[in-house]
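Structure first, then comments.
In this note's numbering, the protein residues as written are 132 to 629.
Below is the structure:
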């Protein structure tokens with residue numbers, strides 16, 4: 132889908148040839164022109180038809196003085212990002228059945244960068260269609276979207292970021308939506324390698340032999356019950372000087388999760404293909420970085436495997452050893468995400484990072500706590516936590532901070548190993564984070580539990596692409612600080628397997 136930004140007043144918007152013209156209205160906007168759109172706006176406002184919550188709309192067909200076939204006048208409240216997102220989503224849904232190919236979205240009045248960003252993301256989200264495994268796919272009809280504002284020149288940089296963010300979110304959606312047999316660890320590695328064709332990007336994919344050499348015993352234990360070989364994916368984006376410490380993103384890449392010997396219930400198990408939502412979000416971020424090209428260094432680490440059952444599968448009570456030598460008693464094989472992540476978090480140390488953020492569909496307990504509105508945020512560093520919360524607010528990809536009190540770790544004690552991999556049902560999202568924290572003492576660390584936000588069930592079943600927006604907002608804010616305030620690093624490792 133092609134996005135364009137144009138300077139358009141209402142008269143120019145009315146003259147644009149398109150299948151649909153959507154006009155977004157601020158609550159206080161008063162039309163004053165003589166064009167077809169302004170006249171209809173004045174009549175609708177006089178009749179009281181364009182008042183109320185964002186998303187309320189009036190539609191017209193072949194309106195006089197309007198070149199577009201269909202016209203949609205839509206309330207956008209105070210033009211806040213949330214209001215714009217609701218308005219654009221409602222407008223796209225209203226015209227979806229007519230299969231428009233070109234849409235113009237015009238703001239009636241001045242608009243800020245965040246509202247513009249929200250409009251671009253909302254039209255992409257509302258029109259997205261999954262097609263990868265359909266024999267007779269019906270892809271999105273929308274091919275061209277023009278965003279019009281009275282003063283577009285000063286918004287071009289924000290528009291470019293929004294367009295790149297859409298590319299990243301849709302890349303994440305595509306891979307999280309694919310069935311497990313169309314998204315194996317090997318295929319995920321190939322998807323990562325496809326990104327290396329972009330500028331400033333490098334990708335290395337390690338297999339079982341290299342991972343064994345690194346001593347990633349926890350990661351290998353999870354994979355050993357599957358016929359599909361594991362993959363450890365290392366992505367690097369070099370947008371700043373080599374002496375600038377990178378931000379490291381670690382994404383959980385369980386491409387299908389049966390629960391292992393601690394087998395999950397059959398109902399809704401098909402949705403466990405999205406247990407690589409963290410990995411998908413890391414891939415999406417790198418897809419966007421290749422397009423936006425900010426001045427920052429970023430490393431992506433994706434431990435990827437299946438959690439399956441056969442005679443070799445790890446058993447409850449087994450003890451395994453992590454990359455840094457800690458022993459782990461596996462009390463529940465369905466708490467496998469933290470086992471693959473802990474080795475990746477150990478590996479992250481070699482990059483001497485400015486910060487490490489792991490992203491994982493980790494716990495059902497986080498879904499119970501926060502639902503599908505906010506991702507769970509845990510952090511050992513106040514500045515990092517505040518930066519991520521601010522990024523979530525700015526991108527409308529919200530998170531909520533949860534505690535990391537040491538008392539929560541008591542449930543992870545084991546008589547037979549240094550630590551157990553589960554700590555009971557109470558505070559399950561927190562005890563999972565406390566487990567991961569054991570492997571992060573060398574750097575500022577944050578954990579995003581996206582179990583409730585990466586996927587929608589029911590009639591809207593599918594991946595959301597979250598938290599690509601949050602992560603990009605955070606990274607771009609860090610890039611804006613410049614190299615002078617970025618933490619230097621002593622040296623970089625030459626190869627991932629070194």
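Glycine included, each C-beta is placed from N, C-alpha and C at the ideal position.
Treat the numbers as computed from the prediction; the structure is a model and nothing was measured.
Checklist line | Test item: CB-CB of residue 477 and residue 354 under 8 Å | finding: no
Check: Just the Cα atoms here: how many angstroms apart are residue 614 and residue 290?
Finding: Its pLDDT being 36, under 50, residue 614 is placed unreliably in this model, and the value from its coordinates should be taken loosely. Looking at the two C-alpha atoms, the distance is approximately 24 Å.
Check: Could you give the residue range of the beta strand (DSSP E) that holds residue 434?
Finding: 428-438
Next item on the list: Could you tell me which of 409, 154 and 336 sits nearest to residue 215, measuring between CA atoms?
Entry: 154
Check: Can you tell me whether DSSP reads residue 460 as helix, strand or coil?
Finding: strand
Notebook entry, point to check: So, is the C-beta of residue 294 closer than 8 Å to a C-beta in chain B?
Noted result: Here chain B cannot be found, since the structure has a single protein chain.
Margin query: Here's the rule I'm using: 16 or more other beta-carbon atoms within 10 Å means buried, otherwise exposed. How should residue 192 be labelled?
Written below: exposed
Next item on the list: Grab the span of the alpha helix (DSSP H) containing residue 92 for me, first residue to last.
Entry: Nothing can be reported for residue 92, as the shown portion of the chain is limited to 132 through 629.
Check: When we look at the beta-carbon of residue 616 and count the other beta-carbons within 10 Å, is it buried (16 or more) or exposed?
Finding: Below a pLDDT of 50, predicted positions are generally treated as unreliable, and residue 616, at 38, falls in that range; no measurement from the model is reported.
Next item on the list: Kindly identify the DSSP beta-bridge partner or partners of residue 187.
Entry: Looking at the DSSP assignment, residue 187 forms no beta bridge with any residue, so it has no partner.
Notebook entry, point to check: According to DSSP, which residues form a beta bridge with residue 332?
Noted result: 368
Next item on the list: Check whether the Cβ atoms of residue 430 and residue 532 sit closer than 8 Å, and answer yes or no.
Entry: no
Next item on the list: Under 6 Å Cβ to Cβ from residue 288, same chain only, skipping five residues before and after it: list those, please.
Entry: none
Next item on the list: Please determine, among 347, 386, 180 and 273, the residue with the shortest C-alpha to C-alpha distance to residue 320.
Entry: 386
Check: Should residue 470 and residue 350 be called a contact, given that it needs their Cβ atoms to be closer than 8 Å?
Finding: yes
Check: DSSP on residue 478, reduced to helix/strand/coil?
Finding: helix
Next item on the list: Just grab the DSSP bridge partners of residue 509 for me.
Entry: 578
Notebook entry, point to check: Alpha carbon to alpha carbon, what distance is there between residue 283 and residue 606?
Noted result: 25 Å
Next item on the list: Verify whether the separation of the beta carbon atoms of residue 402 and residue 588 is less than 8 Å.
Entry: yes
Item checked: Segment limits, beta strand (DSSP E) that includes residue 388 -> 384-388
Next item on the list: Measure the alpha-carbon distance for residue 328 versus residue 421 and round it to whole angstroms.
Entry: 9 Å
Item checked: Range of the contiguous beta strand (DSSP E) that encloses residue 486 -> 486-491
Check: Under the three-state reduction of DSSP, which class applies to residue 294: helix, strand or coil?
Finding: helix
Check: From residue 629 to residue 449, what does the alpha carbon distance come to, in whole angstroms?
Finding: Confidence at residue 629 is low in this model, with a pLDDT of 49, below 50, so the placement of that residue is unreliable and no value is reported for it.
Item checked: Three-state class that DSSP yields for residue 616 in the structure shown -> The predicted model places residue 616 with a pLDDT of 38, which falls under 50 and marks its position as unreliable; any figure quoted below should be read in that light. Here residue 616 sits in coil by DSSP.
Next item on the list: State the start and end residues of the unbroken beta strand (DSSP E) segment that holds residue 199.
Entry: From DSSP, residue 199 is part of no beta strand (DSSP E); its letter is neither H nor E.
Notebook entry, point to check: Is DSSP giving residue 317 helix, strand or coil here?
Noted result: helix
Margin query: Just verifying my parser: in three-state terms, what is the DSSP assignment at residue 626?
Written below: Residue placement at residue 626 is poorly supported in this model, since its pLDDT is 46, which falls under 50; the coordinates still yield a value, given next. DSSP places residue 626 in coil when its eight states are reduced to three.
Check: Apart from the five residues on each side of it in sequence, which residues of its chain come closer than 6 Å, Cβ to Cβ, to residue 467?
Finding: 353 and 438
Notebook entry, point to check: Ordered along the chain, which non-local residues of its own chain (more than five positions away) have a Cβ less than 7 Å from that of residue 223?
Noted result: 254, 257 and 258
Notebook entry, point to check: Closest by CA to residue 238, which one among 578, 201, 331 and 136?
Noted result: 136
Checklist line | Pick from 330, 189 and 510 that is closest to residue 424, judged by C-alpha positions | finding: 330
Next item on the list: Could you tell me the boundaries of the alpha helix (DSSP H) in which residue 452 lies?
Entry: No alpha helix (DSSP H) holds residue 452; the beta strand (DSSP E) holding it covers 450-452.
Notebook entry, point to check: In this structure, does DSSP put residue 503 in helix, strand or coil?
Noted result: coil
Next item on the list: Locate the alpha helix (DSSP H) running through residue 405, then write down its first and last residues.
Entry: Premise fails: residue 405 is in no alpha helix (DSSP H) and is neither H nor E.
Check: Since residue 344 is in the alpha helix (DSSP H), which residue starts that stretch and which ends it?
Finding: 339-345
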